[in-house]
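Chains as they are written, first to last, in the numbering used here: chain C, 467 to 832; chain L, 1020 to 1298.
Inspection log for the structure reproduced underneath, given as structure tokens.
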Amino acid sequence: MAEVRISGLHKYYGPVHALKGIDLTVGDGEFAVFVGPSGCGKSTLLRTIAGLEEEDDGEIRIGGQVVNDMRPRDRNIAMVFQNYALYPYLTVYDNIAFGLRARKVGEAEIKKRVDDAAAMLGITALLQRFPRQLSGGQRQRVAIGRAIVRQAQLFLFDEPLSNLDAKLRDEMRGEIKRLHKDISTTMIYVTHDQVEAMTLADRIVLLRDGRIEQQGSPLELFERPATGFVASFLGSPSINLIPAKLVRRGTAAAVLLASGEALELPEARAASLDAGGERAVILGIRPQHLGHAVGGAAAPGVARVSATVDLIQPTGTRTYVTSRIGGVPVTAELDAHDVHEQGAMLDYEVDMRRCLLIDPATDRVI
Amino acid sequence: MRMAGRARRKTGKLALRYAAATIITIIFLFPVYWLFMISFKTPDEIFHVPPLWVPGEIQFSNYWVLFKDGDVKVIWNSLVVAGTSSAIAMLLGTFCAYSLARFNTGGENLAMWIISQRMIPPIAVVFPIFLIYVYFGMVDTYAGLILLYTAFNLPYVIWMMRGYIVDIPLELEESALVDGCTRWQTFWRVVFPMARTGLMATAVFTFVFAWNDFLFALILTRTEVITFPVMLTHYFGGQSNFWAKIAAMSVLGTLPIFIAVTLMQRYLVRGISLGAVKG
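As structure tokens, this is what we get:
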């Protein structure tokens, strides 16, 4: 087990500046997930920690030790690859034992560790098979087994589930989470899937264009995103971003949509804003914070707006209803039993207490 | 009824195909068959009119003469130079190929330049090489031929092995590196078994090239390290050709290639790398 401490890390690929000064600490036993769109540098960062890529500047410490000049084998880490990386000419047993044999561990000890790992992963019956005789999920288990037997101080996962189908992915995600609970080794997991990030992580590190955009617990990032990018990356369906104007008059404040509606902000929220005048903002509302308005007056802090229903997408549990509000398509997540009709007018209520106001120039949340 | 008709047509087609295959095989195998038969015939049988399809009895005197006169040493010479040069070329070439494939040594152009060396017509360089060999006293030595065949086979080995190594998923090596292997261990434990099929096939081709070479062996040998193709020409005399010796020597010279190709067969079976990576 070990803490990973990274400071001032830079990486170039020729003219491409892939990592632009990463500062990051992953605590002992913590499950950190690097997430971001493709090309954001998350895999590069992971591979640099593993020693498979060489950093151009900065320092990496694992368990207090600077590992910059260490070979991958000396860093005492285990890594699970996206493509499983199983050796096709070795049986499952020999695949799992591979790393131990390379380190000259005794055969008796190897057998014990392989058997334990196989039992843990439920692949004991497969030990004498070859990788080509296994399904995708079984191969992934073998790859994880190979990491477990190493008893390394740090586990690295590079998009381990992206080759699996949806059902298996959910299953394996659960198993990885349980594995972390059982062996409580420090783990770093790379994915582009926000659901994996939210469900697995103790700490999400969201990367964008070679920089850390924001890091924190999943709920922290979901509820208090620092930027519009973070807000739109996490959550499904993704957050609605509506270009608008923020207008302040006295102690009150409202968001003025391009289509003319004014959505009043709650007083507490208005008080925290800069005084006076008008400024361009992007209004961010999660689909879950839009509702179907019924009955008399709106509750305090809730605004109302009417729009034509353009699209209805039932999912069984919830129904996604899309309308044009403020000139852009806006999706609301409504009750599945609340029946709507395409082309009809619908009164929405907008929970302004939970809306985000984003500065369009800087992408920062105000 | 219609089903039966279709089945009959299918059977007829298949029979035609087999017939064609049999005829073609006979045409191609006939010279080999004739060579084998001559090697077992007596001089009278060889020149018999009309030609005899099979010798009266299988007798080995033609081979015995080769052994008695010490002519079979040329087979040994061929084995030594072809075997040693192939082994050296495979070893050096595979390391070079690994370097080109994984560290991108010299960029794309170096690999291209290396294979271009193989395109030089050998006849264009054989006399300069002869003069150099005379100067260094390497004419008619094992070392001279081995060096030459190694040099000629290296570009081919590098080019072929580079292709095979590039096809090995990089993750397999990276996984081994993280799991505790050094670069060398990764090479022996991952690259080597993964590229085994290509390695064996390439080795057979380099061996065959050196085994079959006539031009360099003719120019660069005198008496000591004459190889089997050169020896064959000695049997074509001014007044007469020693057909019995030619046939027996040809059979002896063909056997190692037969063996090598037969051994290679099992490495041509594909599928060993299936399952490494989803795909």
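Yeah, the Cβ is synthetic: ideal placement off N, Cα and C, and Gly gets one too.
No experiment lies behind these values; they were computed from the predicted model shown.
Residue pairing by DSSP places residue 525(C) opposite 473(C) in a beta bridge.
Taking a Cβ-Cβ threshold of 9 Å, the residues of chain C close to residue 1196(L) are 516, 517, 518, 537, 538 and 539, in chain order.
Contact note: residue 786(C) does not reach chain L at a C-beta cutoff of 7 Å; the least C-beta distance is about 32 Å. Nearest to residue 1219(L) by C-alpha distance, out of 1283(L), 1135(L) and 1056(L), is 1283(L).
Less than 8 Å divides the Cβ of residue 748(C) from the Cβ of residue 709(C). Nearest to residue 1207(L) by C-alpha distance, out of 1042(L), 1192(L), 1094(L) and 1034(L), is 1192(L). Contact between the region 670-688 of chain C and the region 631-651 of chain C is not established, with fewer than three Cβ pairs separated by less than 8 Å. Assigned with DSSP and collapsed to three states, residue 1084(L) falls in helix.
At least one CB of chain L lies nearer than 8 Å to the CB of residue 565(C).
At least 8 Å separates the CB of residue 632(C) from every CB of chain L. Taking 8 Å as the cut-off, the beta carbon of residue 765(C) is found no closer than this to the beta carbon of residue 785(C). For residue 1201(L), the nearest beta carbon of chain C is closer than 8 Å to its own beta carbon. Nearest Cα to residue 481(C) within the set 500(C), 503(C) and 522(C): 522(C). Close to residue 1210(L), with beta-carbon spacing below 7 Å, lies no residue of chain C; the smallest spacing is near 11 Å.
Note on residue 653(C): 16 or more other CB atoms within 10 angstroms of its CB, so buried under the neighbour-count rule. In the DSSP assignment, residue 653(C) falls within the beta strand (DSSP E) that extends over 652-657.
In the structure shown, the three-state DSSP call for residue 681(C) is strand. Look at residue 757(C) here: in three-state DSSP terms it is strand.
For residue 1190(L), the residues of chain C that pass the 9 Å Cβ criterion are 547, 548, 549, 550, 551 and 624, in the order they occur in the chain. When Cβ-Cβ separations below 8 Å define contact, residue 1204(L) makes contact with chain C.
Here residue 738(C) is exposed: its Cβ has fewer than 16 other Cβ atoms, across all protein chains shown, within 10 Å. Excluding its 5 nearest sequence neighbours in each direction, residue 563(C) has C-beta neighbours in its own chain below 6 Å: 576 and 580, listed in chain order. Using a Cβ-Cβ cut-off of 9 Å, residue 543(C) is close to 1197 of chain L, given in chain order. Residue state for residue 811(C) is assigned as strand, using DSSP reduced to three classes. Residue 545(C) and residue 777(C) have their alpha carbons spaced roughly 44 Å apart. No Cβ-Cβ contact shorter than 8 Å links residue 1264(L) with residue 1110(L).
At a cut-off of 8 Å, the C-beta of residue 568(C) has a neighbouring C-beta in chain L.
Under the Cβ criterion of 8 Å, residue 1193(L) is counted among the residues facing chain C. The beta-carbon of residue 478(C) is placed no less than 8 Å from the nearest beta-carbon of chain L. Put simply, the backbone Cα of residue 1070(L) is about 60 Å away from that of residue 1121(L). By a beta-carbon distance limit of 8 Å, residue 534(C) does not contact residue 528(C). Their separation comes to about 10 Å. Excluding its 5 nearest sequence neighbours in each direction, residue 1062(L) has C-beta neighbours in its own chain below 7 Å: 1263, listed in chain order. Counting only the Cα atoms, residue 688(C) lies some 13 Å from residue 679(C). Under the Cβ criterion of 8 Å, residue 655(C) is not counted among the residues facing chain L. By a beta-carbon distance limit of 8 Å, residue 1205(L) does not contact residue 1214(L). Their separation comes to about 12 Å. Rounded to whole angstroms, the Cβ separation of residue 799(C) and residue 768(C) is 16 Å, and the two are not in contact under 8 Å.
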